[in-house]
Amino acid sequence: MTDATQLIAILQDSRARTLELVAGLVPDQLIGPRLDIVNPLLWEIGHLAWFHEHFILRALDGAAPAIADADAVYNSAVLAHDDRWVRALPSLADTLGYMGRVHDALVRRLDGTPTREEAYRYRLTTYHEDMHGEAFTYSRQTLGYPAPSFAASAGLAPVAEGPWPGDAAIPGGTFRLGAEPDADFVFDNEKWAHSIAVAPFKIARAPVTNAEFAAFVEAGGYREPSFWDAEGWRWRCRTGAEHPAHWQRDGASWRVSRFDGVADLAPHQPVVHVSWYEAAAYCAFAGRRLPTEAEWEVAASTAPAPDGAIGVTKSRYPWGETAPDARLANLDGGRLGCVDIAAHADGDSAWGCRQMLGNVWEWTASDFLPYPGFSPDVYREYSEPAFGTRKVLRGGAWITRGRMVDNAYRNFFTPDRRDIYAGFRTAAR
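Mapping of the sequence shown onto our numbering: position 356 corresponds to residue 450, and the numbering continues sequentially without gaps.
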């Protein structure tokens, strides 16, 4: 059972990260340009306080909103995206004051053992804030703002460098896709595990690297329609994309923008900031394909049975049941970026797949669809409106909070998104 101390600890840690991610930004940066892929950061931090207040203080305690018109200002289901730049927003000081009052009330009400419902809602709202923390980070990258100040790389041990080539060959069999009912916390789109048949397949032991993707770029892959499906080619022509987002040509080599700076492109780090369309086009170029989310989860969570088939036992993480740490995965933002794909050998899955959690999110071939018997949880707008319009990503990025992700976690974005920290690994029959 989750106790109050644990819930308060993750709540406070998440809030500290949020404040670090907006620290040092001037008023113009807190509003920013009107883009489809970002929110005004000033609105977004107020939305976080509203979300905690709405789903805990108001839903469980019947508390009145801490500020007037809170629903009209901060409910993302009410205030249209473009209107968030038009609506008059409270000042930064007033917004932080609102956040502080809500936070203090959340801590005060946990004066005993939380009920199962309370524990679920505290985790839901904290993980929601964690998701926005990741969004703050890639928004800073998109807008060219300075890097956030929370990096703790000085205290982290060096990790292995270099490539990690090859495939893991995984036999076919029956697999239970999704979360099991005994999990501490699950999102509604992970419910529930159900048996499916999986054909034998091969999956890359690591994500596609910058060097590998550069070969696709240099071969004219962005100008060859045969590598793209019809929708992807329309996206390519509409955007004029010639390479991943943030890449810059520098003579015969490539550099990449990182927040407000520029660095050499690291050849053995995973390619990142590519859309689903770009990932699929690379696969066509390489004679490969994207794995389905079921194949991805099999490779991450099962082990070979004595007879060589897929084992029936699933692990929570690729490496077992131990919670993620800096030895096992590049999560939680401590390194402020990706590491080479050879890093974190201790985090390998039983099939020898590396970095299935952390470093970059991984696009899959799968559409984001409900599992059998789906029913929305209290945050009804989380999954259901996105079904059929998004692609599934698995794993987690270097900035993703390790407390939130595991082998069953399903992320989802439209296939055109390349601002997020997404890469991919390939598969084959």
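Note that beta-carbon positions come from the ideal geometry of N, C-alpha and C, so glycine has one too.
TODO: Tell whether a beta-carbon distance below 8 Å holds between R429 and A439.
DONE: no
TODO: Identify, in the order they occur along the chain, each residue of the same chain with its Cβ nearer than 6 Å to the Cβ of A143, setting aside the five sequence neighbours on each side.
DONE: Y192, M193, V196
Task: DSSP three-state assignment for T303, whether helix, strand or coil - done: In the three-state reduction of the DSSP assignment, T303 falls in the strand class, which pools E and B.
Open item on the list: Between the segment 213-227 and the segment 158-178, can you find at least three pairs of beta-carbon atoms closer than 8 Å?
Closed with: no
- [ ] Flag this pair as touching only if the segment 302-319 and the segment 373-381 have three or more C-beta atom pairs under 8 Å; answer yes or no.
- [x] yes
Open item on the list: Using CA atoms only, rank isn't needed, just tell me which of N453, I139, I104, D130 is closest to L119.
Closed with: I139
Task: Own chain partners of G238 with C-beta closer than 8 Å, once the 5 adjacent residues on each side are dropped - done: S351, F353, D354
TODO: Measure the CB-CB distance between V302 and Y515 and report whether it falls below 8 Å.
DONE: no
TODO: Look up P479 in the DSSP assignment and say whether it is helix, strand or coil.
DONE: Secondary structure at P479: helix, using DSSP grouped into helix, strand and coil.
- [ ] Determine the extent of the beta strand (DSSP E) in which H49 is found, giving its start and end residues.
- [x] Limits of the chain in this structure are 95 at one end and 523 at the other, which puts residue 49 out of reach.
Open item on the list: Quick check for students: name the residue ranges of the beta strand (DSSP E) that lie wholly in the segment 274-339, counting only runs of 3 or more.
Closed with: 288-292, 295-298
Task: Helix, strand or coil at Y515 according to DSSP, with G and I counted as helix - done: coil
Task: Terminal residues of the alpha helix (DSSP H) in which Q449 lies - done: No alpha helix (DSSP H) contains Q449, which DSSP labels as neither H nor E.
Open item on the list: Could you tell me the alpha carbon to alpha carbon distance between D442 and A394, rounded to whole angstroms?
Closed with: 8 Å
TODO: Tell whether a beta-carbon distance below 8 Å holds between E389 and F507.
DONE: no
Open item on the list: I'd like to check one pair, V132 with S233: are the Cβ atoms closer than 8 Å?
Closed with: yes
Open item on the list: If you measure between the beta carbons of P127 and N283, is that distance less than 8 Å?
Closed with: No.
Task: For T220, the three-state DSSP class (helix, strand or coil) - done: helix
Open item on the list: I'd like the list of long-range same chain contacts for S289, defined as Cβ closer than 6 Å, with 5 residues on each side in sequence excluded.
Closed with: T268, R270
Open item on the list: Taking the straight line between their C-alpha atoms, what separation do you get for D165 and I102?
Closed with: 25 Å
Open item on the list: Measuring only the C-alpha atoms, how far is L250 from L425?
Closed with: 12 Å
Task: A522, DSSP secondary structure in three states - done: strand
Open item on the list: Considering Cα atoms alone, identify which of A182, G156, R330, D155 is closest to V167.
Closed with: A182
Open item on the list: By the three-class DSSP mapping on this structure, what secondary structure does Y192 have?
Closed with: Here Y192 sits in helix by DSSP.
Task: Rounded C-alpha distance that separates Y473 from A110 - done: 24 Å
Task: Beta-ladder partner(s) of E456, from DSSP - done: Residue pairing by DSSP places E456 opposite R488, G517 in a beta bridge.
Task: Pair within 8 Å by beta-carbon distance, T96 and A213 - done: Their beta carbons are under 8 Å apart, which means T96 touches A213 by this criterion.
- [ ] Can you say whether T112 is buried or exposed, counting buried as having 16 or more other CB atoms within 10 angstroms of its CB?
- [x] buried
- [ ] Could you tell me whether the segment 197-212 touches the segment 304-313, where touching means 3 or more Cβ pairs closer than 8 Å?
- [x] Taking one beta carbon from each stretch, the segment 197-212 and the segment 304-313 have fewer than 3 pairs nearer than 8 Å; the two do not touch.
Task: Supposed close pair A298, G266 - CB separation, criterion 8 Å - done: Not confirmed; about 18 Å, so no contact.
Open item on the list: For Q106, report the span of its alpha helix (DSSP H) as first-last.
Closed with: 98-116
Open item on the list: For a quick check, are the C-beta atoms of P418 and N501 less than 8 Å apart?
Closed with: Against a cut-off of 8 Å, the Cβ pair of N501 and P418 comes out as no contact.
- [ ] Measure the beta-carbon distance from N453 to A399 and round it to whole angstroms, keeping in mind my assumption that it falls under 8 Å.
- [x] The pair is not a contact, with the Cβ atoms about 29 Å apart (cut-off 8 Å).
Task: F230 (DSSP reduced to helix, strand or coil) - done: helix
Open item on the list: If I measure Cβ to Cβ from R523 and keep anything under 8 Å in the same chain, skipping five residues before and after, which residues do I get?
Closed with: A293, P294, F295, K296
TODO: Flag this pair as yes or no: are the beta carbons of F339 and R512 separated by less than 8 Å?
DONE: Reading off the sequence shown, one finds Ala at residue 339, where the question assumed Phe. In contact: A339 and R512 (Cβ atoms closer than 8 Å).
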